[in-house]
Amino acid sequence: MVSTASPESSVAWAGVAPPKRLCDYQPFPFLIPRVQLNVVVDQPDSVQVTADLQLEPVDREASIPLVLRGVDLELISITLDGQALETGSYRLDEDLLEIFEPPTQPFTLRTVSRLDPQANTSLEGLYESGGMLTTQCEAEGFRRITFHPDRPDVLSRYRVRIEADRQRFPVLLSNGNEVSASVLADDASRHEVVWEDPFPKPSYLFALVAGDLREIRDRYVTATGREVTLRLHVEAGDEPFTAHAMESLKRSMEWDESVYGLEYDLDEFNTVAVRHFNMGAMENKSLNIFNSKLVLADAESATDGELERIESVVGHEYFHNWSGNRITCRDWFQLSLKEGLTVFRDQCFTADLHSEPLKRIEDAAMLRNTQFREDAGPTAHPVKPDSYQAIDNFYTTTIYEKGAELIRMLRTLLGSERFMRGMSVFFKRHDGEAATTEDFVAAVVDGAGADGLPLGFDVEQFRRWYHQAGTPHVSVKTHWDASDGRLSLTLQQSTAPTPGQESKQALVIPVLWSVLQPDGGAGEERLMVLDQDEATVVLEGLPPAAQPPVVSVFRRFSAPVTWDAGQTTDDLFVLFARDDDAFARWDAGQQLWKQLILHRAEGTPESGLESRMLDSLRQLLSDNGEQDPSVLATLLAFPGLAELESLQREADPPALERALCELRESFGHQLATMLMSRLSGVAKGLDHSWPEGQGERQLTGLVWSWLAAAGDPKALSDAAQAVHGPSMTLARAGLRALQPIDCVERDQALNSFHDRWQERPVIFDTWFSLEASTPRSDSLERIASLLRHPRYDPMAPNSVRAVLGGLASNPRVFHALDGSGYQFMAEQIIAVDQRNAITASRLAKVFSRWRTYGSERQAAVKLALSRLAAADLSTNTREVVTLMDA
Ligand code: B3K
Ligand code: ZN
């Protein structure tokens, strides 16, 4: 992503094509009401696609050239209304087909082309995965299937005929409803299926699957009585692992009906699990395609966290049927219109089904460790960027998760009821359209404001959130007038410059805050809208007291910002013990943990603070302390490494990792008795089925890691034994507890995990990841040998990410001062880039924080980046590397 840097003025763009810009948007000069495809699978390496595009010029006066996209297609013939086009009347380039003077009246263009799915290792367009043919068209994969404008604002009705060998490809799927299925009259070894999708859609939502798959069938009846057939397609043998995904789908359908009043709109809903897939899943109209790791799961083979994630991704893709498919994006600059909104919807779904406060903490922690990191680095970009080079680099945590936060802020500002009224205006007003984020905000505020009451904030100013990159920082200064119980809070906001965006403007920041009652009771929660650089809010009539009251700010993480509320350590301990908002309570603990860990990382442990923390934990762990095991485990969890790195003057990931190990060891020792007693307290819940028992398992894992670090033999052996047990959650918790410790239990456990799961690729990737992230003196050699392991599949992004992502999360090895980890990573990125640019360019972001490291590490990363820059890279990876080194 290019963010807002001016392409001409920036040396960063040397050697790369000029970016695409939001301000250059022009509607496509033709409508394509209908697309008819005839897809004939001759062999897995040879597919012929005949495309009939019904084209209608928008301007009927003058002929405008018709430019279609096409990549890696062999054009066999091209006809216009049945007449072969003369050679001089069109131009075929590497990635486009231009017809110079098309008719000014509606016409049909037929192209016949051939493609090779087996040679397509990009996993975009039509490709082969484990013998089946499958597609991924978002964002620009359709152009690898046939010649087409391939832009999201061209909506068409599709009719698709698929023909293939019956034995090899018994299942033939596409979008919409199955119209007919028959054996070919002249060749009984082949069959055809015809699909018709009545809803106009952009090409990125097209999908096709041909393979030998097993079907699991279920049904759902919508609120208005539509009977929907739900079909889940997996490889033979995987059928027993589909119940969770199917149940998740039904829960999603029900949730969208009850919360948004949105029903499913076709008679059939298909889901296919694919081993080779670039991301999690894809929301193609009525034919969702999933990375198999997000479908195949039960309690024995997936952790509680993975089960929740599967439920949320199944929900996410299903919710796209309205937020994305029925209302799509005008262009890719609007990506957050569908992604931010759908993340917001899936977050609410999970919160409603499980725990709202814990989900909020999970999402805030995730945002801080991924999106804040992105915002602070060379690839920072706004939720609505104004230019980009490769769209695929754009599927970021800023577009997704920060985008969701903007919508959540609208809800906070408007109140839930008005916000939901706004949402329903949006879904009605733009149904069937390709819309913009401006349309979204306008619809929401129109709906919310229909009651005639003031909105309470400046909408135009709120829109700045979409265009301004970077994480705002808010500082809060309190002034306490003890004699008349008057508290004033002065808030100041500022946002540091990001690449290409030097000056920043004041944003509309909703601040939920409250004052803790001296008796410990909950104070009233207030909303302050900070929309100036500085503003003051005053609260009068508080009980006079010598000490200022304890203030709780950004409750429920009311805005995606960082803050310094000037709270004293005493205040933080009070909030950690008893803030009634779960997020604010957790956050107070996080602030304390951060201080402790940063001191340890600098080799100067703060013993006073540590012993106060120990006292506080003793209170939490005592019999009358925190009773909910999930909450307890959440409060005891350390902040993420990325967040900690951002707080260091010079980021030093290995020092931080050492600090975490030391703290676990020290606290494990000192709290051993209480921790053991909590372990036995939760033991009876361990075998309850998800979602029950998850808190018990979460706390057990945390206690194991502390006690194992302290060398407790029982914890070491229980953690190792868990690998043989019935719960994947406990097995992985045990492995995580053992991972930092150089002990025989660790190696035994890893070997047992290997032996137990080696026949199940989806699970075995975890072993690759664990191996690669285990700190050992010979880690790099071991990682190199993992890449030669007979079960390592270089074509499967899951495997690649397991090993190379594992390395990146192994601080001592990846950040070795001799630069060996960085060099190794650079070499591998170059190799992956040859096959799969999307996976490679994502991996390249592991270097994004390099300028915050000490000079020795910076020099080592610089060498690795130079190695990358000198290689023959894809546009995607080149874009990231260029930004990184700018
Ligand atoms: N829309 C897809 C992501 C497509 C990524 C293309 N490179 C999945 C999702 O967000 O639901
Ligand atoms: Zn999505």
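The opening position of the sequence shown corresponds to residue 240 in the numbering used here, with each subsequent residue numbered one higher.
Every residue, glycine too, gets a C-beta built ideally from N, C-alpha and C.
Looking at residue 392: is its Cβ nearer than 8 Å to the Cβ of residue 570? What you label residue 392 is simply residue 153 of the sequence shown in a count that begins at 1. What you label residue 570 is simply residue 331 of the sequence shown in a count that begins at 1. Yes, they are a contact pair.
Span separating the alpha-carbon of residue 383 from that of residue 395: The residue given as residue 383 occupies position 144 in the sequence shown. The residue given as residue 395 occupies position 156 in the sequence shown. Each residue's CA atom was taken as its position, placing residue 383 and residue 395 some 18 Å apart.
Quick check on the DSSP output: the beta strand (DSSP E) that includes residue 1054 runs from which residue to which? Within the sequence shown, the letter at position 815 stands for residue 1054. In the DSSP assignment, residue 1054 falls outside any beta strand (DSSP E), carrying neither H nor E.
Does residue 1110 come out as helix, strand or coil in the three-state DSSP assignment? As a first step, residue 1110 must be located in the sequence shown, where it is residue number 871. In this structure, residue 1110 counts as coil in the three-state DSSP scheme.
Which residues, in chain order, sit with a beta-carbon under 5 Å away from any heavy atom of the ligand ZN? The chain-ordered list of residues whose CB is nearer than 5 Å to some heavy atom of the ligand ZN reads 578, 581.
In chain order, what residues of the same chain lie with their CB nearer than 6 Å to the CB of residue 1105, ignoring the 5 residues before and after it? To locate residue 1105, count along the sequence shown from 1; it is residue 866. For residue 1105, where only same-chain residues beyond five positions count, there are no Cβ hits under 6 Å.
Closest residue to residue 451 among 690, 630, 283 (Cα-Cα distance): The sequence position of residue 451 within the sequence shown is 212, counting from 1. The option with the nearest alpha carbon to residue 451 is 283.
Helix, strand or coil: which one does DSSP assign to residue 745? Within the sequence shown, the letter at position 506 stands for residue 745. The answer is coil: DSSP assigns residue 745 none of H, G, I, E or B.
Helix, strand or coil for residue 360? Go by DSSP, reduced to three states. The residue you call residue 360 lines up with position 121 of the sequence shown. Residue 360: coil per DSSP, three-state reduction.
Beta-carbon proximity list for residue 431, same chain, < 7 Å, skipping 5 on both sides: Here residue 431 corresponds to residue number 192 of the sequence shown, with the count starting at 1. 400, 401, 402, 421, 423, listed in sequence order.
Own chain partners of residue 676 with C-beta closer than 7 Å, once the 5 adjacent residues on each side are dropped: For the purposes of this step, residue 676 is identified with residue 437 of the sequence shown, where counting begins at 1. Excluding sequence neighbours, residue 676 sits near 573, 575, 576, 623, 705.
Starting from residue 720, trace the beta strand (DSSP E) in both directions and tell me its first and last residue. Stepping through the sequence shown from its first residue, residue 720 is reached at position 481. Where residue 720 is concerned, the enclosing beta strand (DSSP E) stretches over 711-720.
So what's residue 1120 in DSSP terms, helix, strand or just coil? Within the sequence shown, numbered from 1, the residue matching residue 1120 stands at position 881. Helix at residue 1120.
Is residue 249 helix, strand or coil when you go by DSSP? Counting from 1 along the sequence shown, the entry for residue 249 is found at position 10. Its pLDDT being 38, under 50, residue 249 is placed unreliably by the model, and the measurement read from it follows with that caveat. Coil at residue 249, not helix or strand.
For a test of the three-state rule: what should DSSP assign to residue 562, helix, strand or coil? Residue numbering aside, residue 562 sits at position 323 when the sequence shown is read from its first letter. Three-state result, residue 562: strand.
If you count every other CB in all the chains shown that lies within 10 Å of the CB of residue 1095, and 16 or more means buried, which is it? Indexing the sequence shown from 1 puts residue 1095 at position 856. Residue 1095 is exposed by the Cβ-count criterion.
For residue 918, the nearest candidate out of 869, 679, 877 (CA to CA): As a first step, residue 918 must be located in the sequence shown, where it is residue number 679. Answer by Cα proximity: 869.
Inter-stretch contact (C-beta, 8 Å, three-pair minimum) for the stretch 326-340 and the stretch 405-413: Three or more beta-carbon pairs separated by less than 8 Å are not found between the stretch 326-340 and the stretch 405-413, which leaves the two stretches without contact.
If I measure Cβ to Cβ from residue 849 and keep anything under 7 Å in the same chain, skipping five residues before and after, which residues do I get? Stepping through the sequence shown from its first residue, residue 849 is reached at position 610. Contacts found: 835.
Classify residue 553 as buried or exposed, calling it buried when 16 or more other Cβ atoms lie within 10 Å of its own Cβ. For this step, residue 553 is matched to residue 314 along the sequence shown. Under this definition residue 553 is a buried residue.
Beta carbon of residue 1014, beta carbon of residue 985: below 8 Å? What you label residue 1014 is simply residue 775 of the sequence shown in a count that begins at 1. What you label residue 985 is simply residue 746 of the sequence shown in a count that begins at 1. Against a cut-off of 8 Å, the Cβ pair of residue 985 and residue 1014 comes out as no contact.
In angstroms, rounded to a whole number, what distance separates the CA positions of residue 672 and residue 437? Position 433 of the sequence shown holds residue 672. Position 198 of the sequence shown holds residue 437. C-alpha of residue 672 to C-alpha of residue 437: approximately 15 Å in a straight line.
Is it right to say residue 1161 is buried, meaning 16 or more other beta carbons lie within 10 angstroms of its own, or is it exposed? With the chain covering 240 to 1125 only, the question about residue 1161 has no answer from this structure.
Under the three-state DSSP convention, the category residue 928 falls into: Here residue 928 refers to the residue found at position 689 when the sequence shown is read from its first residue. Residue 928 falls in the coil class under three-state DSSP.
Sorted by chain position, which residues of the same chain lie with C-beta nearer than 6 Å to residue 247's C-beta, five sequence neighbours on each side aside? For the purposes of this step, residue 247 is taken as the residue at position 8 of the sequence shown. Note on residue 247: pLDDT 36, under 50, position unreliable in the model; the coordinate value appears next. For residue 247, where only same-chain residues beyond five positions count, there are no Cβ hits under 6 Å.
Examine the ligand B3K and report whether any of its heavy atoms sits within less than 7 Å of the Cβ of residue 1127. The shown model of the chain, from 240 to 1125, leaves out residue 1127, and the question about it has no answer.
Ignore the nearest five residues each way along the sequence and tell me which others in residue 461's own chain have a CB closer than 8 Å to its CB. By 1-based counting over the sequence shown, the position of residue 461 is 222. Within the same chain, Cβ atoms closer than 8 Å to the Cβ of residue 461 are found at 467, 492, 496, 502, 503, the five residues on either side in sequence being excluded.
Just to confirm, are residue 1041 and residue 1080 a CB contact at a threshold of 8 Å? Residue numbering aside, residue 1041 sits at position 802 when the sequence shown is read from its first letter. Residue numbering aside, residue 1080 sits at position 841 when the sequence shown is read from its first letter. Taking 8 Å as the Cβ cut-off, residue 1041 and residue 1080 do not qualify as a contacting pair.
Who are the Cβ neighbours of residue 287 in its own chain at under 7 Å, not counting the five residues just before and after it? Stepping through the sequence shown from its first residue, residue 287 is reached at position 48. Taken in chain order, the residues that qualify are 279, 281, 351, 353.
Output yes or no for whether 8 Å exceeds the beta carbon distance between residue 1126 and residue 785. The chain is shown only over 240 to 1125; residue 1126 falls outside these bounds and no answer can be derived.
I'd like the list of long-range same chain contacts for residue 1060, defined as Cβ closer than 7 Å, with 5 residues on each side in sequence excluded. Working through the sequence shown from its first residue, we reach residue 1060 at position 821. Excluding positions up to five away in sequence, the list reads 1019, 1046, 1052, 1053, 1054.
Rounded to a whole number of angstroms, what is the C-alpha to C-alpha distance between residue 1062 and residue 476? Here residue 1062 refers to the residue found at position 823 when the sequence shown is read from its first residue. Here residue 476 refers to the residue found at position 237 when the sequence shown is read from its first residue. Rounded to whole angstroms, residue 1062 to residue 476 spans 40 Å at the Cα level.
Does the beta carbon of residue 986 fall short of 7 Å from some heavy atom of the ligand B3K? As a first step, residue 986 is located in the sequence shown; it is residue number 747 there, counting from the start. Residue 986 Cβ: outside cutoff for every heavy atom of the ligand B3K.
The alpha helix (DSSP H) enclosing residue 418, as first and last residue numbers: Here residue 418 is taken as the residue at index 179 of the sequence shown, counted from 1. It is not in any alpha helix (DSSP H) - residue 418 instead sits in the beta strand (DSSP E) that spans 416-423.
Regarding residue 402 and the ligand B3K, is the C-beta to nearest heavy atom distance less than 7 Å? Locating residue 402 in the sequence shown gives position 163, counting from the first residue. Taken from the Cβ of residue 402, every heavy atom of the ligand B3K lies 7 Å or farther away.
Quick check on the DSSP output: the beta strand (DSSP E) that includes residue 272 runs from which residue to which? Start at 1 with the first residue of the sequence shown, and residue 272 comes out as number 33. Note, residue 272: beta strand (DSSP E), 269-282.
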